[in-house]
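Going by full-length UniProt numbering, the final residue of the sequence shown carries number 823, and the count climbs one at a time with no gaps. Glycine included, C-beta positions come from ideal geometry on N, C-alpha and C.
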Amino acid sequence: MAPLARSQRRGGARVAPPLLGAVMLLGVLAVSKWEVAWSPQPPAKRPKTSGSSTGGNSSTGDASDTWDPAHLQKETQQEQPQEQEQQQEQQEQPHQRGTAGKPKPVTPEILQRCAGTLGSWCVEYWTQPEVPARTAPRGNKQCSLDCNQVGVCNALSGLCTCPAGWTGFNCLHPMKRYCTHKYRDFGFGTAKVLPNFAEAAGPHGTTTFQFTRSHCAGECDEDIAACYCPSNTTYGRIPAPIEAPQGSPPVRHGRLMGPYCQPNITGWGTVDPELLFGPEGWCQAERPQHTCDCYLDGYSGATCEDRYEQFCFNQCNGRGECLHGFCKCDPGWHGIDCAHRSEGADASSLGREATTHPWMAYHVHTPAAAEFPPGATRKRPLIFVYEMAADYASLMMQYRHERNGCTSRHYTAGNASELSGWTFTVEPGFLETLLQSGHRTLDPEEADFFYVPVLTSCFIEPVRGVADSPRDFWYGVHEIRVHGITNMLLEAFHWVQSHYLYWDRRGGRDHIWLVSHDEASCYVPAAIRPSIILTHWGRMDGPNHTTTTGYWEDEYSTEFQHPHWAPNGFLWKFEGHQCYDPVKDLVVPLMKNPNHFHRSPLLGGQARNRTILAFHRGLVQMEWPPYSRGIRQRLVNASRLHNWEEKYNIRIGEYADIPGDYSELLSSSVFCLVIPGHGWSARMDDATLNGCIPVVIMDAVVVSFDSVVDLSAFTIRIAQADVENLPAILAAVSEERRAEMRANLATVWQRFTYSSYRPYAKRIRELQIENPMLAPAPADGTDLAQQRPLSQPATVPDLDPESGDDAFGTVMAWLYSRIPATR
Numbered sequence: 001m002a003p004l005a006r007s008q009r010r011g012g013a014r015v016a017p018p019l020l021g022a023v024m025l026l027g028v029l030a031v032s033k034w035e036v037a038w039s040p041q042p043p044a045k046r047p048k049t050s051g052s053s054t055g056g057n058s059s060t061g062d063a064s065d066t067w068d069p070a071h072l073q074k075e076t077q078q079e080q081p082q083e084q085e086q087q088q089e090q091q092e093q094p095h096q097r098g099t100a101g102k103p104k105p106v107t108p109e110i111l112q113r114c115a116g117t118l119g120s121w122c123v124e125y126w127t128q129p130e131v132p133a134r135t136a137p138r139g140n141k142q143c144s145l146d147c148n149q150v151g152v153c154n155a156l157s158g159l160c161t162c163p164a165g166w167t168g169f170n171c172l173h174p175m176k177r178y179c180t181h182k183y184r185d186f187g188f189g190t191a192k193v194l195p196n197f198a199e200a201a202g203p204h205g206t207t208t209f210q211f212t213r214s215h216c217a218g219e220c221d222e223d224i225a226a227c228y229c230p231s232n233t234t235y236g237r238i239p240a241p242i243e244a245p246q247g248s249p250p251v252r253h254g255r256l257m258g259p260y261c262q263p264n265i266t267g268w269g270t271v272d273p274e275l276l277f278g279p280e281g282w283c284q285a286e287r288p289q290h291t292c293d294c295y296l297d298g299y300s301g302a303t304c305e306d307r308y309e310q311f312c313f314n315q316c317n318g319r320g321e322c323l324h325g326f327c328k329c330d331p332g333w334h335g336i337d338c339a340h341r342s343e344g345a346d347a348s349s350l351g352r353e354a355t356t357h358p359w360m361a362y363h364v365h366t367p368a369a370a371e372f373p374p375g376a377t378r379k380r381p382l383i384f385v386y387e388m389a390a391d392y393a394s395l396m397m398q399y400r401h402e403r404n405g406c407t408s409r410h411y412t413a414g415n416a417s418e419l420s421g422w423t424f425t426v427e428p429g430f431l432e433t434l435l436q437s438g439h440r441t442l443d444p445e446e447a448d449f450f451y452v453p454v455l456t457s458c459f460i461e462p463v464r465g466v467a468d469s470p471r472d473f474w475y476g477v478h479e480i481r482v483h484g485i486t487n488m489l490l491e492a493f494h495w496v497q498s499h500y501l502y503w504d505r506r507g508g509r510d511h512i513w514l515v516s517h518d519e520a521s522c523y524v525p526a527a528i529r530p531s532i533i534l535t536h537w538g539r540m541d542g543p544n545h546t547t548t549t550g551y552w553e554d555e556y557s558t559e560f561q562h563p564h565w566a567p568n569g570f571l572w573k574f575e576g577h578q579c580y581d582p583v584k585d586l587v588v589p590l591m592k593n594p595n596h597f598h599r600s601p602l603l604g605g606q607a608r609n610r611t612i613l614a615f616h617r618g619l620v621q622m623e624w625p626p627y628s629r630g631i632r633q634r635l636v637n638a639s640r641l642h643n644w645e646e647k648y649n650i651r652i653g654e655y656a657d658i659p660g661d662y663s664e665l666l667s668s669s670v671f672c673l674v675i676p677g678h679g680w681s682a683r684m685d686d687a688t689l690n691g692c693i694p695v696v697i698m699d700a701v702v703v704s705f706d707s708v709v710d711l712s713a714f715t716i717r718i719a720q721a722d723v724e725n726l727p728a729i730l731a732a733v734s735e736e737r738r739a740e741m742r743a744n745l746a747t748v749w750q751r752f753t754y755s756s757y758r759p760y761a762k763r764i765r766e767l768q769i770e771n772p773m774l775a776p777a778p779a780d781g782t783d784l785a786q787q788r789p790l791s792q793p794a795t796v797p798d799l800d801p802e803s804g805d806d807a808f809g810t811v812m813a814w815l816y817s818r819i820p821a822t823r
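The following block contains the structure:
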């Protein structure tokens, strides 16, 4: 079958001609079945109540009202007149319905893009009857004390969202994050600890002993525990005067003094005090002898004098000021990204991205906030992102002390944009993609699912360990840091259940949580287990699991009891459940930015003969047997003992052992080993993105999209007990089978990218232009495609990164198939 042009197929994968008839038949049967299950229904109207009502849902869509048991009875009483009203509207205004309610036929384009998937979820999604698009509700509630002039008023609920430094329903109560050199041992209050150089070198209590990264010999920003030069120095920080309005910026920001820019008295720091505070020091001289790192987002230059745009989700929709991860929305706008508009807000004026901040233009995109014209329709699922207290998302962003941490992208000097290489990029990246997606709804009443934005990996690194506020440890013992994730998720559950009515409506089955840390799916609290869990760790060896990490701070199965933080112990919070449920949960790929697979042949990278039989580069930790379940260590020992590299060109080792560009090495390998580390392995996605056949070696653990993509068509599984037989097992795979597996991989590889994420799509388009230009011209003048060796998968022609066939699109389509199971 000839590939369809981009205008026809939008980047869909090709399907082999012999399979077309069978897939077409399955698709038609699936659609027929789906039409029966999903007969078009008009959207239910919400009861008309006054905006000040506390029962049910207000006319403004107040999501934070408490649950009214009479709500269902009112709906039942109004059901008959509502149906009559709906029928009359449909008869009088048929043109406004558009194509809503009409399933689409199965087409060759749909079959192409669904090739290589399991079940009928993909075909069902692309043939679904679309639903009418509804303009978002607008609230008119006022907030107490105007949120103390520091927070943002939610016009739907009348509650404030507070930035770092403040808390309470009206942001009236200070919430300090003091700079400190030690942790507490008891209590929830935050005490101000004066610098004490003498006690900075050792333990600070009976249960905690780590040295915080906010130790400060200068002026502390007590909202986020950032350290600056003392106010009595030439370039010191001068806070706003006490009579200034709350939230006023400092008189002078001052020069930063990060954790490695502290005086080297005992264990306090690394710098001679004279180089900090002397006449030619960092805090005193215009051109100091010693310079320090501008470690906070938004600071650059030789002396941190230059400022640039800071990262915020969706850059506050262009309707707010980004304050180190918190959106201080303009009057009339609110939400995690200022997407919600109040009744009195003026939307006729252009946002910042179109006026004063053009560098933000590609990072602002909010279709959910649009005024939908008559007849407009949308694809399901429709997902409402909870508007919550800042503690769970934006506060974590403000508390981070690394510009690259907790972000999927960030700005640099001159407001240039740069893609992040953070390990857990999927956490902020998936959230921002969802906020900018056509699947987002700002109306919870029409939502199919509810996404709970909790940045647990951001909490672990880089937030945790910086200071000593309650949100720096989330009531978890400091020796076992991942206990804080469980507590954080549990607190978020209680917040959602107490502020919204939607959890109790279906017992949380239609709620979505993303947990991306190493073994995070194993210590998700039992209270949220009914929900859909998106994770990287698909461990399936029953409910009586214990940790397999090689990092002692992440040993989640260690019991802990504390009179204040855990009087009943800890393990009861998650016990009795398997880490991963393959029916309701989903293992999602890591969010690798395109620079990570920039030389992939599937993106037009230079043709390379795959001379490396098997490849794995990463930590081995021979001195720590629990790491990687001991698999990496066994492979390295066997390779050295039997000289695998010389005999078979099997290359396994640490980063220093195998130098070279990672993408080029992967693209030069036949097989790439997928082995656990502290938990999940990035190697499944590394291999797939670079056209290398994944070899999975981890028992009872499923990898990315195992339940939705036919991985057996392009992967190999080897039992942990057989790792010493690796050369013989791989040698038994014929060249023909290898070529077949690579062709199958090329069919679905885009599903392992997040190419629809706007910054990634831009970079992929750049690579599609760059890579062919880098390829050497064939000496004999023949077409480059004819020069590719057998082992090289062909470039996916004319790939459209925003086709909807990437990892995010796959999750959306799969979620659509899960709607009936959540009801």
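Cβ-Cβ separation, residue j to residue i (assumed contact under 8 Å), whole Å
| i | j | result |
| --- | --- | --- |
| K141 | L118 | Not quite, the Cβ-Cβ distance comes to about 47 Å (not below 8 Å), so this is no contact. |
| R471 | L395 | 6 Å |
| Y308 | R758 | The Cβ separation is near 20 Å, so there is no contact. |
| P263 | P249 | Their Cβ separation, rounded to whole angstroms, is 28 Å, which puts P263 and P249 out of contact at 8 Å. |
| R440 | V496 | At roughly 17 Å, the Cβ-Cβ gap does not stay under 8 Å, so R440 and V496 are not in contact. |
| G421 | N593 | 7 Å |
Member of the options whose CA lies at the smallest distance from the CA of residue i
| i | options | result |
| --- | --- | --- |
| V702 | V587, P241, Y386, F188 | V587 |
| H562 | T127, R184, P108 | R184 |
| T795 | F808, Q768, W814, L815 | Q768 |
| P444 | Y523, E387, G604 | E387 |
| W572 | S557, H564, I819 | S557 |
| R599 | F311, S669, Q310 | S669 |
| L490 | V452, R506, Y502 | V452 |
| L245 | L172, H215, F615 | Checking the sequence shown, residue 245 turns out to be Pro, not Leu. Nearest option by C-alpha distance: L172. |
| L256 | S214, G278, V636, E243 | S214 |
| P195 | F188, G189, M175, P230 | P230 |
| C227 | H253, T234, G247 | H253 |
Neighbour-count burial assignment, residue i, 16 or more Cβ in a 10 Å radius
| i | result |
| --- | --- |
| A821 | exposed |
| T356 | exposed |
| M622 | exposed |
| H340 | buried |
| N148 | buried |
| Q436 | buried |
| Y655 | exposed |
| K647 | exposed |
| K182 | buried |
| Q750 | buried |
| K104 | exposed |
| residue 828 | Because the chain here runs from 1 to 823, residue 828 falls outside it and cannot be looked at. |
| F705 | buried |
| L159 | buried |
| P659 | exposed |
| F313 | buried |
| R352 | buried |
| L431 | buried |
Fully enclosed by the UniProt domain "EGF-like" (139-172), which beta strand (DSSP E) runs are 3 residues long or longer?
-> Here the runs fully enclosed are 165-167.
Please confirm if the stretch 129-140 is in contact with the stretch 108-118, defined as three or more CB-CB distances below 8 Å between the two stretches.
-> no
Validate contact between the stretch 399-417 and the stretch 517-535 using beta carbons, cut 8 Å, 3 pairs | no
contact_flag[the stretch 506-522, the stretch 538-556] where n(CB pairs < 8 Å) is 3 or more = yes
So does the stretch 340-355 actually touch the stretch 158-170, counting three or more Cβ pairs closer than 8 Å?
-> no
Alpha helix (DSSP H) segments (min. 4 residues) lying fully within the stretch 488-547 | Fully enclosed alpha helix (DSSP H) runs of 4 or longer: 502-506.
In the stretch 343-388, which residue ranges form an unbroken alpha helix (DSSP H) of at least 4 residues, counting only runs that do not cross its ends?
-> Counting only runs of 4 or more, we get nothing.
How about the stretch 664-673 and the stretch 607-626: do they share at least three Cβ pairs that are nearer than 8 Å?
-> yes
Is it a yes or a no for the stretch 274-285 touching the stretch 319-328, going by three-plus beta-carbon pairs under 8 Å?
-> Under the Cβ criterion (8 Å, minimum of three pairs), the stretch 274-285 does not count as touching the stretch 319-328.
With contact counted as at least three CB pairs below 8 Å, one residue from each stretch, are the stretch 400-408 and the stretch 471-484 in contact?
-> no
Which parts of the stretch 248-303 are runs of the alpha helix (DSSP H), unbroken and 4 residues or longer, counting only runs that do not cross its ends?
-> Listed in chain order, the alpha helix (DSSP H) elements of length 4 or more contained wholly in the stretch 248-303 are 273-277.
Inside the stretch 582-662 only - alpha helix (DSSP H) runs reaching at least 4 residues | 631-642, 644-648
If you pair each beta-carbon of the stretch 565-583 with each one of the stretch 502-511, do three or more pairs fall below 8 Å?
-> These segments do not touch.
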